[in-house]
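Since the structure comes first, as structure tokens, the remarks are kept for the end.
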Ligand code: PEP
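In my numbering, the protein residues as written are 4 to 251.
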């Protein structure tokens, strides 16, 4: 399966950051994987124009479940598609925590994304406390069942397993822990989607760097990465992308 490497800029990036995208475009021409950059809303239109003739596509970091209406400050999936986005990250733990997004809301956003023709990157992952209590598999399974709506398929959805305690901390689960969760996600997807569940890409996210990427990409059922901090500079992100080529 072709790996997907997605960069989540979070609330970072000004017009001057488009220079990083220009460098990335030059550095990734020969990449063997699919590359997505998810800048803040304000840069979606400009960056997608800039990347028109490249192998990099643009994604967003959230959308509203409705198409339009009296939702001050929100942005719909249709608007994102109109601005040039092709992907949208949904259910990121930072939104689950600071915006109190529950699985049902995430699922309704995924439906909206699909209606607008966007591919949803649906995030799941346990907290440190949940892992320490031996509940990681249970928590991730519950989030997955609640956040993936009917109509999802390998062509309109990827899953990102992102242990909350690994995001932005420099901590990474062991290879065995990644393998265990990814294989449980694969099993759940097969139960849910039948044969097509085998083709849904399952990304790992949480402190991925050029130095650890190849080892993570070699794990069974790891079909790419969702990258935060290391996606902000073209040099770091290109290092992760080139690690895909080292995995065969
Ligand atoms: C993220 O926030 O999706 C993420 C994976 O962040 P980082 O790579 O910085 O840990």
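Every residue, glycine too, gets a C-beta built ideally from N, C-alpha and C.
The ligand PEP heavy atom lying under 7 Å from the CB of residue i
i: residue 225; result: no
i: residue 11; result: yes
i: residue 211; result: yes
i: residue 233; result: yes
i: residue 206; result: no
i: residue 162; result: no
i: residue 169; result: yes
i: residue 230; result: yes
i: residue 95; result: yes
i: residue 193; result: no
i: residue 129; result: no
i: residue 165; result: yes
Candidates the options, of which the one nearest residue i by Cα
i: residue 71; options: 164, 83, 45; result: 83
i: residue 4; options: 161, 143, 69; result: 161
i: residue 164; options: 154, 156, 139; result: 139
i: residue 237; options: 8, 26, 117; result: 26
i: residue 216; options: 10, 246, 173; result: 246
i: residue 47; options: 58, 18, 37, 73; result: 18
i: residue 90; options: 133, 77, 124, 200; result: 124
i: residue 109; options: 53, 196, 80, 87; result: 80
Proximal residues to residue i (C-beta, below 6 Å), its chain only, five neighbours per side dropped
i: residue 239; result: 233
i: residue 158; result: none
i: residue 112; result: 66, 68, 93
Range of the contiguous alpha helix (DSSP H) that encloses residue i
i: residue 33; result: Taken as a continuous stretch (DSSP letters only), residue 33 belongs to no alpha helix (DSSP H), as it is neither H nor E.
i: residue 248; result: 237 to 248
i: residue 219; result: 213 to 220
Residues near residue i in its chain [Cβ-Cβ closer than 7 Å; skip 5 each side]
i: residue 120; result: 84
i: residue 250; result: 217, 220, 221
i: residue 30; result: 237, 241
Contacts around residue i, its chain only, beta-carbon distance under 8 Å, and the 5 residues preceding and following it disregarded
i: residue 74; result: 67
Residue span of the beta strand (DSSP E) that contains residue i, given as start and end
i: residue 160; result: 160 to 164
Practice task
Evaluate contact between the stretch 126 to 136 and the stretch 166 to 178, counting only Cβ atoms and requiring at least three cross-stretch pairs below 8 Å.
Solution key: Pairwise C-beta distances place the stretch 126 to 136 in contact with the stretch 166 to 178, as three or more of them are shorter than 8 Å.
Problem - contact_flag[the stretch 139 to 158, the stretch 177 to 192] where n(CB pairs < 8 Å) is 3 or more - result: Yes, they touch.
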